[in-house]
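Mapping of the sequence shown onto our numbering: position 16 corresponds to residue 22, and the numbering continues sequentially without gaps. In this text, a Cβ means the ideal position worked out from N, Cα and C, and glycines have one as well. Keep in mind it's a predicted model, so treat the numbers as computed, not measured. One structure is given here, and the rest of the page talks about it.
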Amino acid sequence: MTPSTTATTPADMSTPDGDATRRPAVAPDPPLPARMRAAGREVYGSVDVVGTLDRPRPEPGPDEVLVRVAAAGVDRGAWHLMAGLPHLVRLAGYGVRRPKEPVLGADLAGRVEAVGRDVTRFRPGDRVHGIGRGTFAEYVTTAEDRLAPTPEGLSDVEAAAVPISGITALQGLREVGGLQPGQHLLVVGASGGVGSFAVQVGKALGAEVTGVCSTPKVDAVRALGADHVVDHRTSEITDAGVRYDVILDIGGNRSLSHLRRALADDGTLVIVGGEGGGRVLGGVDRQARALLLSPFVGPRLRTFIAGEDGARLADLDAMVDAGQVTPLVDRTFPLEEAAAAIAHLEAGRACGKVVLTT
Ligand SMILES: NC(=O)c1ccc[n+]([C@@H]2O[C@H](COP(=O)([O-])OP(=O)(O)OC[C@H]3O[C@@H](n4cnc5c(N)ncnc54)[C@H](OP(=O)(O)O)[C@@H]3O)[C@@H](O)[C@H]2O)c1
């Protein structure tokens, strides 16, 4: 669908004598550009393969929304798709030898530019955030059910930090972990993209929250609302002798036996991810072992893949509106510096989210 560029003259602008020839001129909207700037790579590799791309602007299909991207969140997924590692991701439809989609990025925030004929929830001009494919770009198309209206109190940069990390935290705690008010939650990886949301969502769900992070990020995790902080450089999660009702394991790749020692007998371990697994499986084997072991042990051992849907994002936005959740943005980079942004995240320097601006 091509967006309308026909400007109509509002009735209240006609002259008293109705002479249309004397109506003030209304400039038509400029046509959308045929091409756009984007950031990505044509081959799998290190950050050296990431650069600025000149790409055709996408056109929305019948149920799609064309968004003018103002900001795009950077997460670990961008690194994995850049590198094609673990190899398992290539088999998940992203291209075995070369990436099928050159443009990186999955989180977006911006303004609706045009909508397909079957789209009912959004109109041109609406501020939205959500999930798409190839969001490190000036424009992206995505299905309307992967978007939500941007909360009024958030800037585009903050809104772009929310979708995948925030949904992962909410789904992991509420649906997979079944976290209840008054329970004790341990967030391993509390200073990262997912963890900075998990600490706040855990508090919003009424839990007592302990966050695990490295020394330089202890104050930030406390400021997110964590009741207790474990510095993993000086202590272990078992040191305090607490048995947690829910453990959300986002970073560090601890063994299942180690995590279970900190888990209540009827508790739930939710494995979100963890970097540093092997090149082929990337730690998915630990998640598979957890699922296989779960029926034979007391605590529940679970894992999941985050849903990329606007409904869960809207639930999270309600927490934002209520002042319970505020995105923690570590740093922004311009689109042209996407490689530096991914390198910053990969080096473990970020506290909270990294965001690209277009
Ligand atoms: N299941 C899903 O659908 C899903 C969705 C999103 C992400 N993920 C995965 O979840 C993982 C984290 O994603 P993210 O975006 O939050 O990454 P991130 O922003 O890079 O955060 C990683 C976190 O891991 C922490 N960490 C590193 N070593 C640690 C250790 N030894 N002990 C405890 N924490 C440690 C870091 O904290 P310090 O720097 O303070 O040590 C940091 O807070 C990735 O593997 C990602 O692929 C999975």
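Closer than 6 Å: residue i CB and nearest ligand 1 heavy atom
i: residue 238; result: yes
i: residue 82; result: yes
i: residue 268; result: no
i: residue 5; result: Nothing can be reported for residue 5: it is not among the residues displayed for the chain, which extend from 7 to 364.
i: residue 223; result: yes
i: residue 312; result: yes
i: residue 184; result: no
i: residue 286; result: no
i: residue 174; result: yes
i: residue 194; result: yes
i: residue 95; result: no
i: residue 55; result: no
i: residue 197; result: yes
i: residue 218; result: yes
i: residue 125; result: no
i: residue 316; result: no
i: residue 256; result: yes
i: residue 200; result: yes
i: residue 99; result: no
Collapsed DSSP secondary structure at residue i in the structure displayed
i: residue 27; result: Caution is warranted here: a pLDDT of 49 is assigned to residue 27, below 50, making its placement in the model unreliable, and the coordinate value is therefore given only provisionally. In the structure shown, residue 27 sits in a helix (DSSP, three-state: H, G or I).
i: residue 209; result: helix
i: residue 110; result: coil
i: residue 45; result: strand
i: residue 74; result: strand
i: residue 157; result: coil
i: residue 345; result: helix
i: residue 145; result: strand
i: residue 353; result: coil
i: residue 117; result: strand
i: residue 191; result: strand
i: residue 244; result: coil
i: residue 238; result: coil
i: residue 125; result: coil
i: residue 65; result: coil
i: residue 214; result: strand
Top-ranked residue by Cα proximity to residue i, from the options
i: residue 337; options: 80, 222 and 124; result: 80
i: residue 280; options: 69, 260 and 148; result: 260
i: residue 57; options: 311, 357, 142 and 93; result: 142
i: residue 178; options: 312, 38 and 342; result: 312
i: residue 355; options: 219, 273, 209 and 272; result: 219
i: residue 139; options: 153, 126 and 241; result: 153
i: residue 308; options: 299, 315, 316 and 70; result: 299
i: residue 233; options: 283, 55 and 208; result: 208
i: residue 137; options: 124, 156, 114 and 318; result: 114
i: residue 145; options: 314, 188, 64 and 348; result: 64
i: residue 133; options: 118, 124 and 264; result: 118
i: residue 172; options: 188, 204 and 195; result: 204
i: residue 267; options: 229, 217 and 192; result: 192
i: residue 180; options: 158, 211, 85 and 47; result: 211
i: residue 341; options: 360, 235 and 289; result: 360
i: residue 158; options: 293, 71 and 135; result: 135
i: residue 66; options: 60, 36, 85 and 130; result: 130
i: residue 59; options: 71, 72, 51 and 43; result: 43
i: residue 206; options: 229, 188, 247 and 275; result: 229
7 Å Cβ cutoff met for residue i and residue j
i: residue 226; j: residue 251; result: no
i: residue 201; j: residue 243; result: no
i: residue 344; j: residue 89; result: no
i: residue 95; j: residue 333; result: no
i: residue 213; j: residue 254; result: no
i: residue 111; j: residue 78; result: yes
i: residue 49; j: residue 104; result: yes
i: residue 163; j: residue 364; result: no
i: residue 241; j: residue 223; result: no
Cβ-Cβ separation, residue j to residue i (assumed contact under 8 Å), whole Å
i: residue 273; j: residue 249; result: 7 Å
i: residue 215; j: residue 231; result: 7 Å
i: residue 339; j: residue 346; result: 6 Å
i: residue 149; j: residue 237; result: Not really, about 42 Å apart at Cβ, beyond 8 Å.
i: residue 165; j: residue 156; result: 4 Å
i: residue 92; j: residue 282; result: Between residue 282 and residue 92 the Cβ distance is about 11 Å, and since that is not below 8 Å, they are no contact.
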